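Following: one structure in structure tokens, then a few remarks.
In the numbering used here, the protein residues as written are 134 to 373.
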């Protein structure tokens, strides 16, 4: 069973929704304490290709939300070959997330085996001590307009029942997104002028929470934010 994760990443004045996938397979990673500072890839995380193919199987193809450049295809004579999925270049992104990890005490010659904990196993009773360990995962970044379309396309049954495939982080942002759309439909925004760091001025919209219902809902969302949403390492990511 695959689980879809996601969280908002803040990059100065811009942000994106970073999505990545998790699946069941061997979690063992041989970690060398050589001081190199290299962050290992999470063995439970899907590659960007696996994630793209899985999203297609869920009728949520990432190409429906991200514009991708097409690689030029060689031609022979007057006949041009049709593009194949492998000839489509998707802008991928990798990011570092601190995730619960089982780290055995025994190690040999500076090398130890560490095991990331699958999110579906969190909360289960275990005698093994767990720690937060930085892991690198691959995925896709969606700008705000792409993210709104993506979150709106998530089926309502994706968070409940046997067919649920949303992680707690993306389930949280899906609910926040639906609330945001509700605020927009009720015109709960006011225009404002904001001074930028370079001295220029920019026009923006400020959310207006002037009712007890919306105020209570904000407090509930703040209290219910999953802890994993706070373990995405700011500024520690790379993109293609």
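Yeah, the Cβ is synthetic: ideal placement off N, Cα and C, and Gly gets one too.
In this text, all values refer to a predicted model and were calculated from it rather than measured experimentally.
My understanding is that residue i touches residue j, with C-beta atoms under 8 Å, so please give their C-beta distance in whole angstroms.
i, j, result
"residue 195", "residue 223", "7 Å"
"residue 139", "residue 303", "4 Å"
"residue 136", "residue 273", "Their Cβ separation, rounded to whole angstroms, is 16 Å, which puts residue 136 and residue 273 out of contact at 8 Å."
"residue 130", "residue 307", "The displayed coordinates of the chain run from 134 to 373. Any statement about residue 130 would go beyond what the structure contains."
"residue 267", "residue 172", "5 Å"
Tell me which residues share the same chain as residue i and place their Cβ nearer than 8 Å to its Cβ, disregarding the 5 neighbours each side in the sequence.
i, result
"residue 364", "230, 231, 232 and 265"
"residue 193", "283, 286 and 287"
"residue 134", "156, 157, 253 and 298"
Is the beta carbon of residue i less than 8 Å from the beta carbon of residue j?
i, j, result
"residue 184", "residue 148", "no"
"residue 237", "residue 245", "yes"
"residue 340", "residue 321", "yes"
"residue 235", "residue 252", "no"
"residue 247", "residue 162", "yes"
"residue 305", "residue 249", "no"
Return no unless some Cβ of chain B is closer than 8 Å to the Cβ of residue i.
i, result
"residue 190", "The chain inventory of the structure shown lacks chain B, comprising one protein chain alone."
Does the beta-carbon of residue i have 16 or more other beta-carbons within 10 angstroms, so that it is buried, or is it exposed?
i, result
"residue 332", "exposed"
"residue 179", "buried"
"residue 181", "buried"
"residue 289", "exposed"
"residue 188", "buried"
"residue 142", "buried"
Return the chain-ordered list of same chain residues with a C-beta closer than 6 Å to the C-beta of residue i, the five sequence neighbours on each side being excluded.
i, result
"residue 174", "269"
"residue 218", "Any reading at residue 218 is ruled out, since the residue's pLDDT is 45, under 50, leaving its predicted position unreliable."
"residue 280", "150"
"residue 327", "335 and 337"
"residue 152", "139, 272 and 273"
"residue 276", "149"
Counting only the same chain and skipping the five closest in sequence on each side, list residues whose C-beta sits under 7 Å from that of residue i.
i, result
"residue 348", "342"
"residue 198", "275, 279, 282 and 283"
"residue 351", "342"
"residue 263", "233, 234, 235 and 250"
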